[in-house]
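Asker:
Number of protein chains: 4
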Amino acid sequence: MIRFNSDYLEGAHPRILDRLSDTNMAQTPGYGEDRFCEQARNTIRRLCGAPDADVQFLVGGTQTNATVLTAALLPYQGVVSADTGHIAVHESGAIEAGGHKVIALPNRDGKLDAGQVSECCRLHFSDESHEHMVMPGAVYLSNPTEVGTLYSRDELQALRGVCDEWNLLMYLDGARLGYGLAAPGNTLDLPFLARVCDVFSIGGTKQGLLFGEAVVIRNPRLKQNFRYMIKQRGGMLAKGRLLGIQFEEMLKDGLYMELSRHAIVLAMQLKAAFTDLRVPFLVDSPTNQQFPILPNVVLPLLSQKYSYATIQAVDADHTAVRFCTSWATRQTDVDRLIEDLHALLR
Amino acid sequence: MIRFNSDYLEGAHPRILDRLSDTNMAQTPGYGEDRFCEQARNTIRRLCGAPDADVQFLVGGTQTNATVLTAALLPYQGVVSADTGHIAVHESGAIEAGGHKVIALPNRDGKLDAGQVSECCRLHFSDESHEHMVMPGAVYLSNPTEVGTLYSRDELQALRGVCDEWNLLMYLDGARLGYGLAAPGNTLDLPFLARVCDVFSIGGTKQGLLFGEAVVIRNPRLKQNFRYMIKQRGGMLAKGRLLGIQFEEMLKDGLYMELSRHAIVLAMQLKAAFTDLRVPFLVDSPTNQQFPILPNVVLPLLSQKYSYATIQAVDADHTAVRFCTSWATRQTDVDRLIEDLHALLR
Amino acid sequence: MIRFNSDYLEGAHPRILDRLSDTNMAQTPGYGEDRFCEQARNTIRRLCGAPDADVQFLVGGTQTNATVLTAALLPYQGVVSADTGHIAVHESGAIEAGGHKVIALPNRDGKLDAGQVSECCRLHFSDESHEHMVMPGAVYLSNPTEVGTLYSRDELQALRGVCDEWNLLMYLDGARLGYGLAAPGNTLDLPFLARVCDVFSIGGTKQGLLFGEAVVIRNPRLKQNFRYMIKQRGGMLAKGRLLGIQFEEMLKDGLYMELSRHAIVLAMQLKAAFTDLRVPFLVDSPTNQQFPILPNVVLPLLSQKYSYATIQAVDADHTAVRFCTSWATRQTDVDRLIEDLHALLR
Amino acid sequence: MIRFNSDYLEGAHPRILDRLSDTNMAQTPGYGEDRFCEQARNTIRRLCGAPDADVQFLVGGTQTNATVLTAALLPYQGVVSADTGHIAVHESGAIEAGGHKVIALPNRDGKLDAGQVSECCRLHFSDESHEHMVMPGAVYLSNPTEVGTLYSRDELQALRGVCDEWNLLMYLDGARLGYGLAAPGNTLDLPFLARVCDVFSIGGTKQGLLFGEAVVIRNPRLKQNFRYMIKQRGGMLAKGRLLGIQFEEMLKDGLYMELSRHAIVLAMQLKAAFTDLRVPFLVDSPTNQQFPILPNVVLPLLSQKYSYATIQAVDADHTAVRFCTSWATRQTDVDRLIEDLHALLR
């Protein structure tokens, strides 16, 4: 079985493991207050061109989203999200368990646009009984989105404007950020994100670390006492150094983007193959997640050799599925898959 | 200004105030453990044909919904509601503040149907990553709904079947229950509700009490320790007797239904007048809330003498508004309104 | 049975009921945005010498404490309270249900002193792992306390200093405030409370209203959007006018203090009687709650005619109990009780 | 600097890293549903003699405690803990953030005894206003405790009896379980814990893993849907295999106990040295945490070469400190410390 069903199928890039071995017996303070974390924080500040940013490390994505948003929102506020947003669908109600409504708006290719958010706020604040409704307090964006699409610089700037107008905190979930930054057509970079967002994350788990998400905080209110929130929400790793060591190794000399580009090259090969075979897509994704719509008849055969994720039935005879590449995907496996697709679909 | 904008514009029916006066200096234990509450509980049990029901009294509607649902749901469960449901829209996130997601489904004239709820559950439990999503744990229904419509006996029975199949608790919010039971075409009664629901409320605030909602609990798990929940959620009135006294007076000899019928008679006069004037409705309501779609040009004139609630713009020239009647509405005020409508709209 | 077990045994002072009757059929907007509430707000601002204060009305005490403190605290903060504080003991975990720890310190006659709070904060912030502990964010005081004692002006001023030093919000729960202000030795008044506290409440339920607590907010951060919190926490009464009408009637011409003084006069008669009879007290209370320590042998006889609250066993032969007077207590009932006590105890 | 301040100063035992390397490029499903986790679950079931136990893996201790207790408690229940309990002191209010009170009882050498818990329950349920107080719903025990002490088999059995009598769930936090099981005088073993507790944890983070806690669940109600809780509380690791791989390696052939014994041998050497030097202890600990009370004059000298944790001032001239040994502590470092202590203290 060759697995393409997600981008967290393997452990970590070998350099990460080597570095963990090299540093293994060094003694450090706990809870992220060690020199490895400090080094990684400085590297991230440098890459973001944001010397005053707070950088915190957490273990996983749901934890990161819940911790950031619980810290950001006042008790009567909710977070605006696309209805496909990870927090709206796939986190078992973690945001609500923290006391806050996810105000879900209809997604546009997995994204929110500035107009939607603006209209949502306008409707809220102009309603004479607005005190009876949840006040929008933050915007949740993911880039790449859950369906592999990307925000442009202009789109994010427009959203920033809306956030400023209505006093919303803007948070971008970058669980797959590298795969977005390496994608064809991408217009974003870390310094831009550090300017346009109040807070964003740089994903590690799906990008070649064993685990870990880095949170870059620009908003002064959010910086304050954020570590209390991490501890309370169960995200403060005793051996916090493990996160610093991994991020530093990944970011110090470009490995993060190198691995991201590797995944994108292979994803584009897959995309081209589906296109050649006239297979349509559920959504046009330039990133490491591809969503072809396949005839149901080929699925059993395909499943004998490959794993993929089933997304949704499109009609009686077709199903949208997801193939992911990652830092760990091998060229030979993609070649074999393409070969088999040609055999099955032509 | 004659007000038709809601059904809680006045105090209470005079008999309620008289009864509060008569009992005023009697000394009783607090927190609903007095003889007046016990009497009212027994009256409600009798009217419901449910001698084993637990009956609890709370002060307001949001409090009632939040207390019942927080008691009903496990930490990882959410409540299924029409997207027009009061808990989904107009309670400032009280359910989420209690830790639970409101799983909002598209309303059908303000209602949920059994098929929708069934499909929502089927999709949840058949998803291989269902543990990453909020589990449906209860269904919230309102009758009359927020747009004045009614569930039929068959509809509720079908929903009961779905709740049994998927192990959901079924809760009906009866904030305006009397206006529903008195409406043309109604097929429900209290004994039926006590059989079909796990828990439902009998509204007092909008039905002629100063305030108060009675909660009728049939589900044994929910009965257990419910008073802890009332206390914790801030709903346990020190002078709980005030609730018992009011409900007993209202229910002991049929005043509740008499007042409900009064409101419905006047609402149907209004409805007939709009129909005569070829004014369309946002929704066809047989209850005390009427939602005519009026030409914008008449609104300023109408507003000089009458208050009503603005619901939504329907097109550039028309707006849906809400007129409510209640136990307190006077025939002369309805007559005058109808006369003025004829003058304005003919 | 003559009841002395609490101060919420009857309904309301007759003037309150009369005023509710007089205003009963007036039509007003809901949710506290009516002219009666506005009038009462202005009266309270005037009595407090605080024209810029926000005044909000809630139904009950637990609701008031939970709403104020949930609004005041950041997610990682807790509230410092005496271990006898109502929020620490008798609210079924309402503060914790809102996500916050009650940091209970040993009471000194029901009170906190400035030194304790200061030391608690010093210990917290000087601990190198303070991020692993709950940060003190507010102080909860009650006056009179749960055991009937009073804060002095100096004590509150010292606590204010500590709150300023450590950035704590200072909240005083005045559920029985009138009985405190009318007590012998009292040094407080409303204008002083409005200066020294960030927020405090003026109790109505135990002071002759049917129900109701007024919250006086001075702290600008807390004023902001407080009504969202009231709604979300279930405290926004649909017919909010009921609160405004009652508070205005009680406060407009001194009825509140007149009734408070009545209760205190009777309580002092009781206190003198116990003292004459050499009955010791659990705590020396100058207010309407008296805590005599009675020989167990007299309790069954006393219980035949009078209700009182049992507080705690003091030794094998003695029990501390509580007798309350209130706005409604009759001189004849106190006379009879004193007579019977003389017969039993002499 | 030689560090003795905690037992999570280094990475992991080399065999753990080797095993992570060996398995690194294997492809597995995520979220703990892989073959490595299944293997580790079976190993733990075998070691516990509990074939029907549910075994779940989480990342850290605070997360584990919060997830277990939030799953265990009903909304109106709290958890009984010693006032030294980790959940009562050092988790930034994680339990309260989940909505529940920690009912802290005075510790006896870091422990609760059955009598205390029984009395706490008796007082609660016999109080006529028990509905106004938080109901005890679970007991939190740690073994070893936060001050290094151990429960005996008899003590736990007595607590089990109390839990059965009052319907409390019994949870034992084994963050340092191995150091307890390897200690002189220990009477517990895994099969006993699996019989006596509803749920307990086997700590990894402090015992030679990079991170990870295994939760062993016997109580059927708690087993149900526990994975929803893990996901919602942010504890479900995407690459869940990392936990399974580590626990399996540690437990499959006795490495866990071997490393535990190593730490205990060194801790006993330290303890003997302090005893020889007539240094008293804050508490008599048979485990890897030792709490000597040192003269303040030696602390600056000691701090030049060694790190330790400062616990509390004992008098003007003496301070209780904590020295920890662990799986990673070297004999040579302990020898050097003992030598220096002799020089400083003799």
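Line order of the protein sequences matches chains A, B, C and D. First residue of the first sequence? That's 434 in the working numbering, and the numbers climb one at a time after it. First residue of the second sequence? That's 434 in the working numbering, and the numbers climb one at a time after it. First residue of the third sequence? That's 434 in the working numbering, and the numbers climb one at a time after it. First residue of the fourth sequence? That's 434 in the working numbering, and the numbers climb one at a time after it. Every residue, glycine too, gets a C-beta built ideally from N, C-alpha and C. All figures in this text were calculated on a predicted structure; none of them were measured in a lab.
Less than 8 Å between C-beta atoms, sequence neighbours within five positions excluded: which residues of the same chain meet that for B:I435?
Answerer: The answer, listed in chain order, is K738, Y739, S740, D766, R769, L770.
Asker: Applying a beta-carbon distance threshold of less than 8 Å, which residues of chain B neighbour D:A499?
Answerer: Ordered by position in chain B, no residue passes the 8 Å Cβ test against D:A499, which lies about 11 Å from the chain.
Asker: Count the CB pairs spanning the region 523-543 of chain D and the region 525-536 of chain C that are closer than 8 Å, and state whether there are at least three.
Answerer: Yes: the two stretches touch, three or more of their Cβ pairs being nearer than 8 Å.
Asker: Any idea if A:A705 is buried or exposed, counting beta-carbon neighbours within 10 angstroms, 16 or more meaning buried?
Answerer: Exposed, by the Cβ-count rule.
Asker: Identify the contact partners of D:M458 in chain A, using a Cβ-Cβ distance below 8 Å as the criterion.
Answerer: The answer, in chain order, is E443, G444, A761.
Asker: Kindly provide the ranges of any alpha helix (DSSP H) runs that are 4 or more residues long and lie completely inside the region 617-675 of chain C, ordered along the chain.
Answerer: Entirely contained in the region 617-675 of chain C, the alpha helix (DSSP H) runs reaching 4 residues are, in chain order, 623-629, 653-656, 659-665.
Asker: Taking buried to mean at least 16 other C-beta atoms within 10 Å of its own C-beta, is B:F756 buried or exposed?
Answerer: The residue in question, B:F756, is buried, as its Cβ has 16 or more Cβ neighbours within 10 Å.
Asker: For B:Q460, does the three-state DSSP call read helix, strand or coil?
Answerer: Note: B:Q460 maps to coil in three-state DSSP.
Asker: May I have the straight-line CA-CA distance separating A:A696 from A:A742, to the nearest angstrom?
Answerer: Whole-angstrom Cα-Cα distance: 17 Å.
Asker: At the level of alpha carbons, what is the spacing between C:S575 and A:C630?
Answerer: Going from the Cα of C:S575 to the Cα of A:C630 covers about 43 Å.
Asker: Once DSSP output is grouped into helix, strand and coil, what is the label at D:A573?
Answerer: Looking at the sequence provided, one finds Tyr at residue 573 of chain D rather than Ala. It is a strand residue.
Asker: Among A:G594, A:N540, A:G518, which residue has its Cα nearest to the Cα of A:S551?
Answerer: Here the closest residue by C-alpha is A:G594.
Asker: Cutting at 8 Å between CB atoms, please list the residues of its own chain near A:D750, excluding the five before and the five after it.
Answerer: Closer than 8 Å at Cβ, skipping near neighbours: P728, N729, V730.
Asker: CB-CB under 7 Å to D:M566, same chain, minus the five flanking residues each way: which ones, in chain order?
Answerer: Excluding sequence neighbours, D:M566 sits near H557, D560.
Asker: Spatial neighbours of C:L589 within its chain, please: C-beta separation below 6 Å, excluding the five flanking residues on both sides.
Answerer: Result list for C:L589: V629, in chain order.
Asker: Just to confirm my understanding: we take A:T758, look at its own chain, exclude 5 residues before and 5 after, and list those with CB closer than 6 Å. What are they?
Answerer: The answer, listed in chain order, is A696, L699, A700, N721.
Asker: Give a yes or no on contact between the region 497-512 of chain D and the region 671-690 of chain D, applying the rule of three or more CB pairs nearer than 8 Å.
Answerer: The region 497-512 of chain D, when compared against the region 671-690 of chain D, does not touch it at the 8 Å Cβ threshold.
Asker: Distance cutoff 8 Å, beta carbons only. Does A:N721 sit that close to anything in chain C?
Answerer: Cβ-Cβ to chain C under 8 Å: no for A:N721.
Asker: Answer yes if the region 462-474 of chain C comes into contact with the region 675-695 of chain C, meaning at least three C-beta pairs across the two stretches below 8 Å, and no otherwise.
Answerer: Touching, yes.
Asker: Beta carbon of C:G637, beta carbon of C:A627: below 8 Å?
Answerer: For C:G637 and C:A627, no; Cβs fall outside 8 Å.
Asker: Got a sec: is the Cβ-Cβ distance from A:G532 to anything in chain C below 8 Å?
Answerer: True, the Cβ-Cβ gap to chain C drops below 8 Å.
Asker: In chain C, which residues lie less than 7 Å from D:V567 when you measure between Cβ atoms?
Answerer: Ordered by position in chain C, the residues that pass the 7 Å Cβ test against D:V567 are S525, G526.
Asker: Can you name, in chain order, every residue of its own chain whose Cβ lies under 6 Å from the Cβ of C:M568, other than the five neighbours on each side?
Answerer: These residues qualify, in order along the chain: Y509, Q510.
Asker: Under 8 Å between beta-carbons, which chain D residues line up against C:P508? List them in chain order, please.
Answerer: By Cβ distance, chain D contributes A530.
Asker: Anything in chain A within Cβ reach of D:T461, meaning under 9 Å, just list it in chain order.
Answerer: Here the neighbours are R436, L442, E443.
Asker: Do A:G463 and D:Y441 come within 8 Å of each other at the CB atom, strictly closer than that value?
Answerer: Against a cut-off of 8 Å, the Cβ pair of A:G463 and D:Y441 comes out as a contact.
Asker: Any contact of the region 644-663 of chain B with the region 482-489 of chain B, i.e. 3+ C-beta pairs under 8 Å?
Answerer: Flag = yes, the region 644-663 of chain B and the region 482-489 of chain B touch.
Asker: Looking at C:T503 and C:S603, is the spacing between their C-beta atoms short of 8 Å?
Answerer: One point to set straight first is that residue 603 of chain C is Met, not Ser, in the sequence displayed. Not a contact, by the Cβ cut-off of 8 Å.
Asker: My guess is that A:A616 and A:P725 are in contact by the Cβ rule of under 8 Å, so how many angstroms apart are they, rounded?
Answerer: So it is not a contact: roughly 17 Å between Cβ atoms.
Asker: Is it buried or exposed for B:P624, if we count other Cβ within 10 angstroms and need 16 for buried?
Answerer: B:P624 is exposed by the Cβ-count criterion.
Asker: For B:L778 and B:G613, what's the separation of their Cα atoms in angstroms?
Answerer: If I take the Cα positions, the gap works out to 29 Å.
Asker: Quick check: the Cα distance between C:C596 and C:T620, rounded to an integer number of angstroms?
Answerer: Rounded to whole angstroms, C:C596 to C:T620 spans 21 Å at the Cα level.
Asker: So within the region 697-774 of chain A, which uninterrupted alpha helix (DSSP H) runs reach at least 4 residues, ignoring any that extend past its ends?
Answerer: For the region 697-774 of chain A, whole alpha helix (DSSP H) runs of length 4 or above, ordered along the chain, are 732-738.
Asker: Using a Cβ cut-off of 8 Å (strictly closer), state whether A:R474 contacts chain C.
Answerer: No, because no Cβ of chain C sits closer than 8 Å to the Cβ of A:R474.
Asker: Who are the near neighbours of D:F633 in its chain, counting only those whose CB is closer than 6 Å to its CB and skipping five residues on each side?
Answerer: L605, G607, L626, V649, listed in sequence order.
Asker: Please determine, among C:A571, C:K656, C:H519, C:N600, the residue with the shortest C-alpha to C-alpha distance to B:K664.
Answerer: Ranking the options by Cα distance to B:K664, first place goes to C:H519.
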